[in-house]
Amino acid sequence: MSLLSIRNLHVSIGDKEILKGVNLEINKGEVHSIMGPNGNGKSTLAAVVAGNSKFTVTQGEIIFKGKNLLEMPIDVRAAEGIFLGFQYPVEIPGVSITNFMRTAVNEQRKYRGLDPLSGSDFLKLMEEKKKVVEMTAKLANRSVNEGFSGGEKKKNEIFQMAMLDPIMSFLDETDSGLDIDALRIVANGVNKLRSSENAIVVITHYQRLLDYIVPDFVHVLYEGKIVKSGTKELALELESKGYEWIREELESKQK
Amino acid sequence: METTLNYINTSMQNFSRIGIIEKKQNTASEYFARNGFSFRQDEVWRFADFSAFLNDSLNIPNATDNHSFEFKCNIPHLDTTRLTLVNGYVSTETELVVTEQGVIMGSLRKAIDQYPELVAKYFGECCKKDNSFLAINTAMFTDGFFIYIPDNVEIKKPIQILDVIKSQTPMFLQTRNLIYVGKNSRITFIHCDDSYNVNRSFSNNVTEMFIDEYAHVEHYKMQNMNNVSGLLNHNYIAMQQSASLISNSITLNGGNIRNHNEVRMLGEHCDTQMHGLYIMDKEQRTDNYVYVEHAFPNCTSNELFKGILDDSAHAIFNGHVLVSEGATKTDASQSNKNILLTDKAIVDSKPFLEIYNDDVKCSHGSTIGQLDETALFYIRQRGISERNAKTLLMYAFCDEVIQKITIEALRERLSDMVKKRLHGELTVCDECALHCSVQDCKFEIDVTKI
Numbered sequence: 004m005s006l007l008s009i010r011n012l013h014v015s016i017g018d019k020e021i022l023k024g025v026n027l028e029i030n031k032g033e034v035h036s037i038m039g040p041n042g043n044g045k046s047t048l049a050a051v052v053a054g055n056s057k058f059t060v061t062q063g064e065i066i067f068k069g070k071n072l073l074e075m076p077i078d079v080r081a082a083e084g085i086f087l088g089f090q091y092p093v094e095i096p097g098v099s100i101t102n103f104m105r106t107a108v109n110e111q112r113k114y115r116g117l118d119p120l121s122g123s124d125f126l127k128l129m130e131e132k133k134k135v136v137e138m139t140a141k142l143a144n145r146s147v148n149e150g151f152s153g154g155e156k157k158k159n160e161i162f163q164m165a166m167l168d169p170i171m172s173f174l175d176e177t178d179s180g181l182d183i184d185a186l187r188i189v190a191n192g193v194n195k196l197r198s199s200e201n202a203i204v205v206i207t208h209y210q211r212l213l214d215y216i217v218p219d220f221v222h223v224l225y226e227g228k229i230v231k232s233g234t235k236e237l238a239l240e241l242e243s244k245g246y247e248w249i250r251e252e253l254e255s256k257q258k
Numbered sequence: 004m005e006t007t008l009n010y011i012n013t014s015m016q017n018f019s020r021i022g023i024i025e026k027k028q029n030t031a032s033e034y035f036a037r038n039g040f041s042f043r044q045d046e047v048w049r050f051a052d053f054s055a056f057l058n059d060s061l062n063i064p065n066a067t068d069n070h071s072f073e074f075k076c077n078i079p080h081l082d083t084t085r086l087t088l089v090n091g092y093v094s095t096e097t098e099l100v101v102t103e104q105g106v107i108m109g110s111l112r113k114a115i116d117q118y119p120e121l122v123a124k125y126f127g128e129c130c131k132k133d134n135s136f137l138a139i140n141t142a143m144f145t146d147g148f149f150i151y152i153p154d155n156v157e158i159k160k161p162i163q164i165l166d167v168i169k170s171q172t173p174m175f176l177q178t179r180n181l182i183y184v185g186k187n188s189r190i191t192f193i194h195c196d197d198s199y200n201v202n203r204s205f206s207n208n209v210t211e212m213f214i215d216e217y218a219h220v221e222h223y224k225m226q227n228m229n230n231v232s233g234l235l236n237h238n239y240i241a242m243q244q245s246a247s248l249i250s251n252s253i254t255l256n257g258g259n260i261r262n263h264n265e266v267r268m269l270g271e272h273c274d275t276q277m278h279g280l281y282i283m284d285k286e287q288r289t290d291n292y293v294y295v296e297h298a299f300p301n302c303t304s305n306e307l308f309k310g311i312l313d314d315s316a317h318a319i320f321n322g323h324v325l326v327s328e329g330a331t332k333t334d335a336s337q338s339n340k341n342i343l344l345t346d347k348a349i350v351d352s353k354p355f356l357e358i359y360n361d362d363v364k365c366s367h368g369s370t371i372g373q374l375d376e377t378a379l380f381y382i383r384q385r386g387i388s389e390r391n392a393k394t395l396l397m398y399a400f401c402d403e404v405i406q407k408i409t410i411e412a413l414r415e416r417l418s419d420m421v422k423k424r425l426h427g428e429l430t431v432c433d434e435c436a437l438h439c440s441v442q443d444c445k446f447e448i449d450v451t452k453i
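Chains E and Z, in that order, are what the protein sequence lines are.
Just so we're on the same page, our numbering is the position in the first sequence counted from 1, plus 3.
Just so we're on the same page, our numbering is the position in the second sequence counted from 1, plus 3.
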C-alpha cells in the first residue's frame, strides 16, 4: 500500500475547477517532483493535501497511511505527519521561532500520546536541527518570519520540517526567492532529512533545484491533471524544450 | 433611594467647596446647571453612554470610612513608589510627603491645605474645553493625588497610582489627580484602575498633567475592571516646549470604559506618542477619545490604537488631531486597527484631522477585519490546534502595542496578562491582591509562555 494515494482528485475554488482528476501514488523513501506552468494547480494540490479550506474537493480521495485524509482537520493532518513548506511563509510578530516550535512539537506529541518535551530536551533538539539549515542562534530568537529575507524564510521552513520530522512533506517552490548559497543550504537541508521512512514532494519550476535534490520521479501537472510522469531525465527535457513541448504533445494525442 | 443623577442635581450646589479652588468649583457647578447631560448632539461624546449608571442608585463613598488597603504587587524586577486610592479617598497608608529631591506627593486635599498657591496655580488649568462630566468632578471630587516634581529631577523609580474600588455596595466615585512635571524632569507613571470585587461601580476620574519644557513623561495605564462597572477616565495634558509624552493604555476588562484624552502641545518641538490596546468580550464597551492639539510648529504626534472584540463587545475610537494656524512642520499620524471575532461585535472608528496650516505631514487610517485565514492555515499546518492558532495570531496583533512599552519588566508582565486575556481567562497579575473576577486559572498549554 502506498504511503499517500491521491485518486481522481477534483478541486474547485468558487465555480472554478482547478484540479481535474489528479492521480498520484507516493511510497516511503521516494522523492517526487511536480513541475508545470504557473496557474495549473501545483500549489493547490499541496494546499489541499494539507487541508486548506479555501478549496473544495468535489470528487476523489486522498488516503494517507490507510486513513482518509480529507476527513481530518488541518492540525490533525500535521500531527499524522503531513508537512507543507509554504511558498510564502506567514509572519507572526511577537512569537519567537523557539516558542512557536515548542508549541507545535508538544501539540503534535500530545496527539500521539507522548509527554511534552522538557525545556532542556527541547533546546537540545533545536540545537541539533538548527544545523540542518545552518540557522544562527539569533534567527531562532526572532519572531517567526518577521522581517526575514527570502532566504531566511525558506531556511526557516526547512528548519521547521526538521523539527517536526514529518512523514510526508510537500515543499512548495522552496527554491523561489533564494540566492545560490541559500539554495544550496536549503537543498542540502532537505537531503539530510530524506530517509527510507519518509517521502517528499518538491514543487518547482526549475531543474536547478533538482540538481541538488535528485528526485526519483518527475510529474508534469498541466491544466489540472498529471499529464506526464517520468524519472529525473524528464526534468532535463522540460528545461531544454519548455512546456510548449508538453502542450504540443497533448494536442497531437487528442487529434 | 434617589438616582445618581438626582444626587448630582440636588447636591452639586451645596457640595462643600474647598477654599482656594472654590471659585473654579462654582464655575463648574454653574456650567453643569446650564448644560446638564446633552451629549447626543456632541460629536465628541456621541458614543459615551453612562445613563445606566446615572439612573441607578449608587452610593457615595464616605470620607470617614476606613480606607486602608494592604496591597501586594509583584512585577519582577520592577520597584515602584505606590500611591493608593481606595474608593476615591487617599489610603491612610499614603500621606502627603516631600522627598529629598523636593518632590511633593500625596493627597490632593492635604496639598490644598499645605500648598494652596501651588494647587491653585494649576488646578483646572489643563482643561480648556469644559464638559459636564468634568464639571461634576471639579465640583464634587472626593480626593486624589497631587504630585509635584520640581525642575531637573529624574525619578528612576516609577510612581504607581492605584485606583482601587472595594465596596460591598454599588458606588459612584470621583477622583482627581493633579500632576506637575518640572522643566527637564523625567518620570514614569503606572496607573492601575482595578475593581476589587464584583460589585457595580461608576467612576468619573480626572487626571490633569502639566509637562513643562524639556520634561519627559511616560504614562502607562492598566485597566482591569469588572464587567458591571463603568469608568470614565479623563486625561488632560498640557505640554510646554520640547516636552515629550509616551502614553500607553491597556484595557483588558471593564463593563463600560471611556478614556477621554486631551493633549495640548503648547510650544515647539513637543512629541506625543499615544498607544492603546483593548481586548473586549461579552457586552463590554470601550471608547477611546484622543484629542491632540498642535498649536505650535515642529511638533510630532503619533497615535496607535488596536483592539480585539469578541461576542457582542463594542469599541469606539474617536481621534481628533487639530493643527492650528501657524503650526508648520507638524507631523501627525493616527492609526486604529481592529479585529472582530464575531458578527455581533461592533467598532465605530473615526480618525479625524482638522488642519489650518500648509506644510504639514498628517496621516490617518483605520482597519476593521477578521483574523487572517492564510496565517491561521500556516500555524495550524504545524500541528497547532485552531484555538491556539487563533490565540497566537491575536497575540501577534497585540504585540505592536506591547512593544511600545519601554520598561522591560512591565512589558513582560503586561504581555503575560494579554496572553491570559486572549485565552479568555482571568487577567489579574499573578501576585496582585486585586481580584476583579473569578479566580483559579489553569494554563495547560505552552502558548501562554510565548
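By construction, the Cβ of each residue, glycine as well, lies at the ideal position given by its N, Cα and C atoms.
Just so it is clear, the structure is predicted and the values come from calculations on it, not from any experiment.
1. Taking buried to mean at least 16 other C-beta atoms within 10 Å of its own C-beta, is histidine 80 of chain Z buried or exposed?
2. Are three or more beta carbon pairs between the segment 62-76 of chain E and the segment 341-348 of chain Z nearer than 8 Å?
3. Provide the residue span of the alpha helix (DSSP H) that contains isoleucine 183 of chain E, from first to last.
4. Beta-carbon separation of methionine 212 of chain Z and isoleucine 190 of chain Z under 8 Å?
5. Short check: CB of glutamate 157 of chain Z to CB of serine 188 of chain Z, under 8 Å?
6. Return no unless some Cβ of chain E is closer than 8 Å to the Cβ of glutamine 384 of chain Z.
7. Which residues of chain Z have a Cβ atom closer than 9 Å to the Cβ of leucine 167 of chain E, listed in chain order?
8. Looking at C-alpha atoms only, which residue of Z:Ile21, Z:Ile342, Z:Thr303 and Z:Tyr294 is the closest neighbour of leucine 312 of chain Z?
9. Evaluate the contact criterion for the segment 125-144 of chain Z versus the segment 261-275 of chain Z: three or more CB pairs, one atom per stretch, below 8 Å.
10. Please classify glycine 368 of chain Z as buried or exposed, where buried requires at least 16 other C-beta atoms within 10 Å of its C-beta.
11. By how many angstroms is the C-alpha of alanine 298 of chain Z removed from the C-alpha of valine 363 of chain Z?
12. Could you work out which residue in E:Gly39, E:Ser5, E:Val108 and E:Pro96 is closest to asparagine 144 of chain E when comparing CA atoms only?
13. Roughly how many angstroms lie between the CA atoms of valine 431 of chain Z and methionine 420 of chain Z, to the nearest whole one?
14. First and last residue of the alpha helix (DSSP H) that includes alanine 81 of chain E?
15. DSSP on phenylalanine 72 of chain Z, reduced to helix/strand/coil?
16. Could you tell me which of Z:Phe205, Z:Lys309, Z:Ala316 and Z:Ser232 sits nearest to cysteine 401 of chain Z, measuring between CA atoms?
17. Say yes only if the C-beta of aspartate 197 of chain Z is nearer than 7 Å to one or more non-hydrogen atoms of the ligand FMN, and no if none qualify.
18. CA-CA distance, isoleucine 319 of chain Z and serine 352 of chain Z?
19. Would DSSP call threonine 83 of chain Z helix, strand or coil?
20. What three-state label does DSSP hand cysteine 401 of chain Z in the structure shown?
21. Give me the Cα-Cα distance between tyrosine 292 of chain Z and lysine 27 of chain Z, rounded to the nearest whole angstrom.
22. Buried or exposed for isoleucine 21 of chain E, please, with buried defined as at least 16 other CB atoms from any protein chain shown within 10 angstroms of its CB.
23. Could you tell me if glycine 22 of chain Z is buried or exposed, where buried requires 16 or more neighbouring beta carbons within 10 angstroms of its beta carbon?
24. Whole angstroms are fine: how far does the CA of serine 304 of chain Z sit from the CA of serine 56 of chain E?
25. I'd like to confirm the pairing. Which residues does DSSP put opposite glutamate 211 of chain Z in its beta bridges?
26. I need the DSSP call for lysine 423 of chain Z, collapsed to helix, strand or coil.
27. Specify, as a first and last residue, the run of the beta strand (DSSP E) that glutamate 254 of chain E falls within.
28. Whole beta strand (DSSP E) runs in the segment 145-209 of chain Z with 3 or more residues, listed along the chain?
29. Between the Cα of histidine 13 of chain E and the Cα atoms of E:Val34, E:Lys45, E:Asn41 and E:Met138, which residue gives the shortest distance?
30. I'd like to confirm the pairing. Which residues does DSSP put opposite proline 354 of chain Z in its beta bridges?
31. In chain order, what residues of the same chain lie with their CB nearer than 6 Å to the CB of phenylalanine 136 of chain Z, ignoring the 5 residues before and after it?
32. Taking 8 Å as the threshold (beta carbon to beta carbon), is glycine 180 of chain E in contact with chain Z?
33. Which chain B residues are close to threonine 377 of chain Z, counting only those with a beta carbon under 7 Å from its beta carbon?
34. How many whole angstroms separate the CB atoms of leucine 459 of chain Z and phenylalanine 175 of chain Z, which I take to be in contact at a CB cut-off of 8 Å?
35. Let's test the definition: count the other Cβ atoms within 10 Å of the Cβ of lysine 407 of chain Z and tell me whether it reaches 16, buried, or not, exposed.
36. Say whether chain Z places a C-beta atom closer than 8 Å to the C-beta of aspartate 78 of chain E.
Walking through what the data contain:
1. With fewer than 16 neighbouring CB atoms inside 10 Å of its own CB, histidine 80 of chain Z falls in the exposed class.
2. Cβ pair count under 8 Å is below three, so no.
3. 183-196 is the span of the alpha helix (DSSP H), which, as asked, contains isoleucine 183 of chain E.
4. Not in contact: methionine 212 of chain Z and isoleucine 190 of chain Z (Cβ atoms no closer than 8 Å).
5. Their beta carbons are under 8 Å apart, which means glutamate 157 of chain Z touches serine 188 of chain Z by this criterion.
6. For glutamine 384 of chain Z, the answer is yes, since a Cβ of chain E falls inside 8 Å of its Cβ.
7. Per Cβ cutoff of 9 Å: Arg385 and Gly386.
8. Out of Z:Ile21, Z:Ile342, Z:Thr303 and Z:Tyr294, Z:Ile342 has the C-alpha closest to the C-alpha of leucine 312 of chain Z.
9. Because the criterion of three Cβ pairs below 8 Å is met, the segment 125-144 of chain Z and the segment 261-275 of chain Z touch.
10. Result: exposed.
11. Those two C-alpha atoms are separated by around 12 Å.
12. Ranking E:Gly39, E:Ser5, E:Val108 and E:Pro96 by Cα distance to asparagine 144 of chain E puts E:Pro96 first.
13. Unreliable positioning characterises valine 431 of chain Z in this predicted model, as indicated by a pLDDT of 49, which lies under 50. A coordinate reading is not provided.
14. Residues 77-83.
15. Phenylalanine 72 of chain Z sits in coil when the DSSP states are folded into three classes, being neither helix nor strand.
16. It is Z:Lys309.
17. No copy of the ligand FMN occurs in the structure displayed, which carries no ligand at all.
18. Straight across, the Cα-Cα distance linking isoleucine 319 of chain Z with serine 352 of chain Z is about 6 Å.
19. Correct three-state label for threonine 83 of chain Z: coil.
20. Residue state for cysteine 401 of chain Z is assigned as helix, using DSSP reduced to three classes.
21. Within the model, the alpha-carbon separation for tyrosine 292 of chain Z versus lysine 27 of chain Z is close to 25 Å.
22. Under this definition isoleucine 21 of chain E is a buried residue.
23. Per the 10 Å Cβ criterion, exposed.
24. Each residue's alpha carbon lies about 42 Å from the other.
25. As DSSP reads the structure, glutamate 211 of chain Z sits in a beta bridge with Z:Leu181 and Z:Tyr239.
26. Under the three-state reduction of DSSP, lysine 423 of chain Z is assigned to helix.
27. Secondary structure note for glutamate 254 of chain E: it is in no beta strand (DSSP E), and the uninterrupted alpha helix (DSSP H) holding it is 247-257.
28. Fully enclosed beta strand (DSSP E) runs of 3 or longer: 148-152, 162-168, 174-176, 179-184 and 189-198.
29. Checking every option, the nearest Cα to that of histidine 13 of chain E belongs to E:Lys45.
30. Answer is Z:Gly322.
31. Result list for phenylalanine 136 of chain Z: Asn207 and Leu235, in chain order.
32. For glycine 180 of chain E, not one C-beta of chain Z is nearer than 8 Å to its own C-beta.
33. Judged by its chain identifiers, the structure shown contains no chain B, and its protein chains are E and Z.
34. The requested residue 459 of chain Z does not occur in the structure, where chain Z is confined to residues 4 to 453.
35. Around the beta carbon of lysine 407 of chain Z, 16 or more other beta carbons lie within 10 angstroms, which makes this residue buried.
36. Answer yes: the Cβ-Cβ gap between aspartate 78 of chain E and chain Z drops below 8 Å somewhere.
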